[in-house]
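Report on the following structure.
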Amino acid sequence: MTVPGRSRPTVAPRTDSPACRRAASPACRRTDSSACRRAASSACRRVVSSVGRWAPGVVGFGFVAAVLLATGTPPADLLRFTGYAVLAVLLPGTLLYRALRRRPHTLIEDLAMGAAVGLTLELVAWAVAVGFGVPGRLRLWPLLVVLPFVVVPALRRHWRGGYTVAVPTGWAWSVTAVLVGFTWYLVESFLRVNPVLPTREGQSQYVDLAFQLSLAGAATHRVPPEVPQVAGEPLHYHWFGFAHLAAASLISGVDLTVVFFRLAVPALCALAVVLVAVVGWRITGRPYAGVAAAVLMFTVGEFGFETGVRQLFGTQTTFIVWGSPSMTYSWVLLLPLLAALGEVVGRAGGSAVPPLGRGRWLLAAGLLAASTGAKASSVPVVLAALALVVAVAVVAGTRRSTAVARRPAAGAAGAWRGRVGPVVVAAGLALGAQVFATGVLFAFETHGVTVEPLSGLRPYVDPGGPSAVTGLAWLAAVVAFLLNLHLRLAGVVAVLAARRWRPEPVQVFLLGGALAGPTAYLLVAHPGSSNQYFLRAGFTFGVILSGWGWVEVLARARLTRRGGLLLAGAAAGFALVLTAYQVRFPAAGPTRGYAALLPLLTWAAALTLVAVLGAIGWSVLVARRRVPVGRGAAVLLTGVLVAGAPGLVLDAAAARTHPNGGAYAVVPMPASRVAAARWVRDHSGPDDVLATNVHCWRVGVDGSCDARSFWLSGYAERSVLVEGWAFAPRMVGAVGGWSAPFWDPARLAANEAAFTAPTVAGLADLRDRYGVRWLVVDRQVEPESAELVTLADLRFTNGRLAVYRLP
1 MTVPGRSRPT VAPRTDSPAC RRAASPACRR TDSSACRRAA SSACRRVVSS VGRWAPGVVG
61 FGFVAAVLLA TGTPPADLLR FTGYAVLAVL LPGTLLYRAL RRRPHTLIED LAMGAAVGLT
121 LELVAWAVAV GFGVPGRLRL WPLLVVLPFV VVPALRRHWR GGYTVAVPTG WAWSVTAVLV
181 GFTWYLVESF LRVNPVLPTR EGQSQYVDLA FQLSLAGAAT HRVPPEVPQV AGEPLHYHWF
241 GFAHLAAASL ISGVDLTVVF FRLAVPALCA LAVVLVAVVG WRITGRPYAG VAAAVLMFTV
301 GEFGFETGVR QLFGTQTTFI VWGSPSMTYS WVLLLPLLAA LGEVVGRAGG SAVPPLGRGR
361 WLLAAGLLAA STGAKASSVP VVLAALALVV AVAVVAGTRR STAVARRPAA GAAGAWRGRV
421 GPVVVAAGLA LGAQVFATGV LFAFETHGVT VEPLSGLRPY VDPGGPSAVT GLAWLAAVVA
481 FLLNLHLRLA GVVAVLAARR WRPEPVQVFL LGGALAGPTA YLLVAHPGSS NQYFLRAGFT
541 FGVILSGWGW VEVLARARLT RRGGLLLAGA AAGFALVLTA YQVRFPAAGP TRGYAALLPL
601 LTWAAALTLV AVLGAIGWSV LVARRRVPVG RGAAVLLTGV LVAGAPGLVL DAAAARTHPN
661 GGAYAVVPMP ASRVAAARWV RDHSGPDDVL ATNVHCWRVG VDGSCDARSF WLSGYAERSV
721 LVEGWAFAPR MVGAVGGWSA PFWDPARLAA NEAAFTAPTV AGLADLRDRY GVRWLVVDRQ
781 VEPESAELVT LADLRFTNGR LAVYRLP
């Protein structure tokens, strides 16, 4: 661990090394004067400094690239995708970010924030190119940004950084370590168990992945995308992340399946790691607060003490980053939005980070617009955070006005002066973005969300027991919920306590988001537990504030270098012991009822006892020896924050026995089906509609159809007349759940007749009325009628699957 505020002593580089001699001037290479030795020493320092500055980034990229190649990513595809990321996202985005911000801070901030700006611009470019039917021209869009920065003299200066702040070496390597560790988690939980294309008939896959792939496929040729499983059905959904996947494939030329199953998730996660660290630094003014936030978000997992297969109240980062990549995409837009709005709300006291300036408003507006369709949970949480700031500012202003006759406002109260106006404007922008999302993107669809307070806790409480027992069960469920998902936010208490519960405006903003997430989760319900996404949006606020608190506690402890190393070693050892014990003795038991909470609560009680005994021993030590005040608090807070460290390890380990989601639904994805779908993709037009006889993932004993079948639309990247309809917006929350019947019986009947009782008139109606051009039959579901081969052209078969072309 590198102690914040401290640096390593500089070691003079050797000047007789070949690298240093080469760095000196040609004349000095032929002499050995003292002046030439000084010149060589200075040149060597520049070489060493340059190498040291770039080494963390090179190591991070090299590790990600190596694991991608090791898990089956074609090298050419990796090169093409890297070129896309640099030239079509980083370059235009960084140039525009430099033009918007007032003064430079660090190169890593420009690149990370610039990547988010580039992704925002990419959405506009994608909509124009695909909307006008020229998706191939999309790769030219960066020129619209780059050329003005070449031609216009006033913009040319933004090609140069002009940085005056050096990134601390410990900061850079710490962020790299987090990135490497989380990429390893992705390898074990996602990349290793999900081939780009299934290679065997027994392949299985998490149920949502094919659906998400189908949305990305639809976005390659249609604006706005429609529900791929029901041709012509509007997609009232947060689909911006899938438009990004489509744009990445169109610009880079990399197959969409490679982008989806290999490249996009590690890239977005790496960007999110860096953004947490960068935004945490900018908002707090403390570099290592950002590092701590990145560790809390991407290294420490849920405090669960279980096998990793079951997940009590959902997760914050575990599983969800690949199970729902749109969440990660929303984070890389939400995090820079926090930086921009944080400056509107009010900068942290004593921060040396240069302000963004007026460009923060354009950044906030653009990122709000992009966040509306990235994830439906983002903007509501931002709006709630801004509302809390306005409320506190009004109260603070009222108190100040009553006391102004006695003394001028100062300290925390003075920090609120003039805050209401700008924050109200920002809240107005957020409200406008939410109205747009609700009315235009989601068309007022509820997506199954209902107001049901405490619905997420109810499965762990038996309402039929005695009232006293039920009350204790509710209390236990609330405590377990807070420990399971929010123990990593313990540093928030340290921030508030240090300011005597009178936080700065930007801290109120972060606190508002951290509170809004779990509040929304507890207030509403969703049939697919998607109310968890409010938690995940609010968590980005909370980890920054918690990291801020940890850094301040550490600063008050005034640790020596040796003390910092001891604390780091103790924290790592504590995490390793907890992890080793849980791997060796995993908690197993029911996943519902109060008994499911017992492993977590038992371990929480045991660790609390250890903490109490440690506090007693520490007080005895302090009484006998003069120990600086605050070191005990630093040890205790560090232990609390890392207590969930086993979470990601357990989830990765569980993937070996429960691949593709563990506790979540896994569906068959046989290679024969995918081969047929890919053949159709290669031999059909983007506007062709398919029909299939496969609609159900599984059929119940009562004949009910679980209509979560998405393989054909996913791998063919084409619309299907009727495939699995369960995820259509109008069906989410319908009576019957995933097995609710299709809403258009006539369309479904016409579809089925094409396979079981085909006629010339029926097939012509499918072609002329619905645009169907291809029929895809899975003979294991039901063989097609013998008449079909005489009425349509059999183009492909692999025994199990057959593909017919309509005349």
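Just so you know, we're using the working numbering here: the sequence shown kicks off at 1 and counts up by one.
Even for Gly, the Cβ is constructed at its ideal location relative to N, Cα and C.
This one's a predicted model, so the numbers in the text were calculated from it and none came from an experiment.
The Cβ atoms of V145 and L111 do not sit closer than 9 Å to each other. DSSP places Q532 within a helical segment (H, G or I) once states are collapsed to three. Assigned with DSSP and collapsed to three states, Y664 falls in coil, not helix or strand.
Restricting attention to L209, F509, G304, A498, the CA atom closest to the CA of L341 is found in F509. Rounded to the nearest whole angstrom, the CA to CA distance from V425 to R139 is 36 Å. Bounds of any alpha helix (DSSP H) do not take in F796; it lies within the beta strand (DSSP E) bounded by 793 to 797. Counting only runs of 4 or more residues that sit fully inside the segment 230 to 264, the alpha helix (DSSP H) segments are 240 to 252, in chain order.
Between L794 and A802 a beta carbon distance of about 6 Å is seen, short of the 8 Å cut, so the two are scored as contacting. When only Cα atoms are considered, V193 and P668 end up about 14 Å apart.
Put simply, the backbone Cα of V699 is about 54 Å away from that of V612. At the C-beta level, G569 and G538 stay beyond 9 Å of one another.
Per DSSP, D768 is one residue of the alpha helix (DSSP H) stretching across 760 to 770.
Taking C-alpha positions only, V64 is separated from A292 by approximately 22 Å.
Under the DSSP assignment, Y288 falls in the alpha helix (DSSP H) whose first and last residues are 287 to 298.
For Y460, there is no enclosing alpha helix (DSSP H), as DSSP gives it neither H nor E. Close CB contacts of G118 within its chain, under the 7 Å cut and outside five residues either way in sequence, are with V89, L90, P92, G93 (chain order). Ranked by Cα distance from L334, the first of A365, T318, L576, R747 is A365. Among the bridge pairs identified by DSSP, C705 is matched with V699.
Secondary structure of V279 (DSSP, three-state): helix.
When the Cα atoms are used, E188 and A66 turn out to be separated by approximately 14 Å. It is roughly 49 Å from the alpha-carbon of V230 to the alpha-carbon of A393. Here the C-alpha atom of D682 lies approximately 16 Å from the C-alpha atom of V720. The DSSP-derived three-state label of V423 is helix. Taking a contact to require three or more Cβ pairs closer than 8 Å, the segment 551 to 571 and the segment 629 to 637 qualify as touching. Taking 9 Å as the cut-off, the beta carbon of A643 is found closer than this to the beta carbon of F303. Considering only A247, V701, L312, R730, the residue with the shortest C-alpha distance to A218 is A247. Out of H447, L766, R747, Q780, the CA that lies nearest to the CA of S672 is found in Q780. Under the three-pair Cβ rule at 8 Å, the segment 270 to 277 does not count as touching the segment 731 to 740. In the displayed model, A653 falls within a helix according to three-state DSSP. The Cβ atoms of G60 and V167 lie no closer than 9 Å to each other.
By the Cβ rule, the segment 539 to 552 counts as touching the segment 483 to 493, because three or more pairs are nearer than 8 Å. Cβ-Cβ separation between P599 and F305: approximately 5 Å, consistent with a contact (criterion under 8 Å). In the structure shown, W725 adopts coil according to DSSP, grouped into three states. By the C-beta criterion, the segment 124 to 138 is judged to be in contact with the segment 237 to 247, since at least 3 inter-stretch pairs fall below 8 Å. Looking only at G549, L441, G762, the smallest Cα-Cα distance to P287 is reached by G549. For the segment 164 to 225, the continuous alpha helix (DSSP H) assignments of 4+ residues that do not extend past its boundaries occur at 169 to 186, 207 to 219, in sequence order.
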